[in-house]
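Read through the structure below, which is laid out as structure tokens, and then see the notes.
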Amino acid sequence: MRNAGASASDVRRRIATEMADDVPWSRVLNSICTEPHPLGVEMASAAAHTNLGDVRIFRGTKRIERKVVELLLDLMGNPGGSGSLVSGGTEANLIAMLVARESARARGRLTDRPEVVVSSTVHFSFTKVFGLLGLTPVVVPVDDSLRLPAAEVARRIGEHTVAVVATAGSSEFGVVDAVDEIGPVVAGRGVHLHVDAATGGFIIPFARELGHDLPQFDFTVDGVDSITIDPHKYGLANVPAGAILFRGAQDAGRFAVDSFFIDTPVHNTLLGTRPGAAAVSTYAVLEHLGRDGFLDLTRTNFEVTQYLVDGLRAAGHELFAEPQLNIVVVRMPHAVRISQLLESKGWIVSTSKRFGETLRLVVTRHVTPAMVDEFLPVLERACKEVTAEVAPR
């Protein structure tokens, strides 16, 4: 740190110079986040000074957080539940597993080797979670549709099981587990069923309403105890904005840490200092767009996804699986090299370490038919260049 500070104009210039190296959204095809809604950005800026960890000062902002939780619970079919806003899916999943473990302890079911039944494509955040909490994953291979099979879940639940994790929109493939089949096999067995809907939470309810054939996954499914949902993804809120929701009105309080300050309530999240801007941004977008606005967004995203699929097939590419949501996975020999070459040309896509010969493309609000039209010829040139690179000489 310098002794003498720099001028505001100099600081702005330096920051602008660094951020100029960020990839513009118009070249991003790998992210389930997108440019936040302008009203959310405006309101987040107005609340940049707020801290949800200090409710004696930021009383109104705290009320906004509660309103957001109520709106999300209503969206997830459970107005009488409870929840908290958190930093994102990883923190939400961690809190859900903490609650699952401690609920098992309270019921006298916590053994010396607590286990969680998960699919082979469960999100990598659970690797962190299980390591932190001393939980052992029981990994169930996905079926031919890349879903967690309910019959195998039932078979794998045993005396050590404290939780089952289903995924409503995997980040790799956008696949939605058949939660409506998994819930009934878990219900009544003293096992916590958590649904990771970080990706699909703001897609599936609206897509179902539009007539897309997707499983029900929310609290209307018997057995579902908690849900992760991320407003900063398809909810168009500023990063970071996640949420952990619970079925019971008191369930969010099962993870509680008391403060040593008088008149300061307990914390139900991992973070003490929490950005009120996230709550305000989320509230602004939810209230401004309403259900009709999200239906329109979802309709457009599915239309663009189909436009992308049609363009890929017309170019001779084969899909790894039929997309359920707005994630398109293409079989692609030398996918890693093609991804690298695309990045050198300014385009960001992704490949999966678990399925390396595939290219993953994500459609969000910033992806338009015009962007697809611009991307596909670049992809074809990259494929030809890589084919030439690897050809025998």
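Letter by letter, the sequence shown follows residues 17 to 409 in my numbering. The beta-carbon is built from N, C-alpha and C at its ideal position, and this holds for glycine as well.
- Separation of residue 150 and residue 130 (C-alpha to C-alpha, rounded to the nearest whole angstrom) is 8 Å.
- CA-to-CA, the gap between residue 318 and residue 154 works out to about 34 Å.
- Assignment of residue 350 by DSSP, reduced to helix, strand and coil, places it in the coil class.
- Non-local beta-carbon contacts of residue 145 in its own chain, meaning distances under 8 Å to residues more than five positions away in sequence, involve 106, 109, 110, 113, 151 in chain order.
- Taken through DSSP and simplified to helix, strand or coil, residue 67 comes out as strand.
- Nearest in C-alpha terms to residue 271, of all of 279, 283, 277, is 283.
- In the three-state reduction of the DSSP assignment, residue 200 falls in the helix class, which pools H, G and I.
- Counting only runs of 3+ residues, the beta strand (DSSP E) found wholly inside the segment 90 to 149 occupies 98 to 102, 131 to 135, in chain order.
- Comparing C-alpha distances from residue 289 to each of 308, 74, 82 shows the shortest one belongs to 74.
- By the CB criterion at 9 Å, residue 180 and residue 132 fall inside the cutoff.
- If you compare the alpha carbons of 161, 121, 188 with that of residue 176, the shortest gap goes to 121.
- Within the segment 291 to 356, the complete alpha helix (DSSP H) segments at least 4 residues long are 292 to 330, listed from N- to C-terminus.
- Going by DSSP, residue 61 is part of no beta strand (DSSP E) but of the alpha helix (DSSP H) stretching over 54 to 62.
- In the structure shown, residue 383 falls within a coil segment according to DSSP collapsed to helix, strand and coil.
- Rounded to the nearest whole angstrom, the C-alpha separation of residue 169 and residue 54 is 43 Å.
- The shortest CA-to-CA distance from residue 302 to any of 343, 247, 260 is the one to 247.
- Remark: C-beta atoms of residue 206 and residue 79 do not approach each other more closely than 9 Å.
- Going by DSSP, residue 22 is part of no beta strand (DSSP E) at all; its letter is neither H nor E.
- Its chain contains 199, 200, 203 as the residues whose beta carbon lies nearer than 8 Å to that of residue 238, once the 5 sequence neighbours on both sides are disregarded; these appear in chain order.
- Short of 6 Å from the beta carbon of residue 50, and not among the five residues preceding or following it, lie these beta carbons of its own chain, in chain order: 380, 381, 382.
- Excluding five sequence positions before and after residue 85, the CB atoms of its chain that fall closer than 8 Å to its own CB belong to 98, 99, 100, 101, 259, 261, given in chain order.
- Excluding sequence positions up to five before and after residue 193, its CB lies within less than 6 Å of the CB of 163, 164, 182, 183, all in the same chain and listed in chain order.
- The alpha-carbon of residue 229 is positioned some 12 Å away from that of residue 339.
- In terms of CA proximity to residue 315, 227 leads the group 208, 128, 360, 227.
- Put simply, the segment 39 to 48 touches the segment 355 to 372. At least three CB pairs are less than 8 Å apart.
- Approximately 4 Å separates the beta-carbon atoms of residue 56 and residue 297; this is inside 8 Å, confirming the contact.
- Across the structure, residue 399 and residue 333 are spaced so that their CA atoms are roughly 11 Å apart.
- Secondary-structure assignment with DSSP links residue 262 through a beta bridge to 98, 242.
- For residue 169, the enclosing alpha helix (DSSP H) starts and ends at 166 to 172.
- Within the same chain, 296, 297, 300 come within 7 Å of residue 59 by CB-CB distance, once the 5 residues on both sides are set aside.
- Here the C-alpha atom of residue 264 lies approximately 9 Å from the C-alpha atom of residue 242.
- Cβ neighbours of residue 285 within its own chain (closer than 6 Å, five residues either side excluded): 100, 102.
- A Cβ-Cβ contact shorter than 9 Å links residue 233 with residue 220.
- Annotation for residue 66: 74, 77, 292 place their beta carbon closer than 6 Å to its own, counting only its chain and skipping 5 residues before and after.
- Contact check for residue 344 and residue 324: beta-carbon distance about 6 Å, within the 8 Å limit, so the pair qualifies.
- Taking all protein chains shown into account, residue 406 has fewer than 16 neighbouring C-beta atoms within 10 Å of its C-beta and is therefore exposed.
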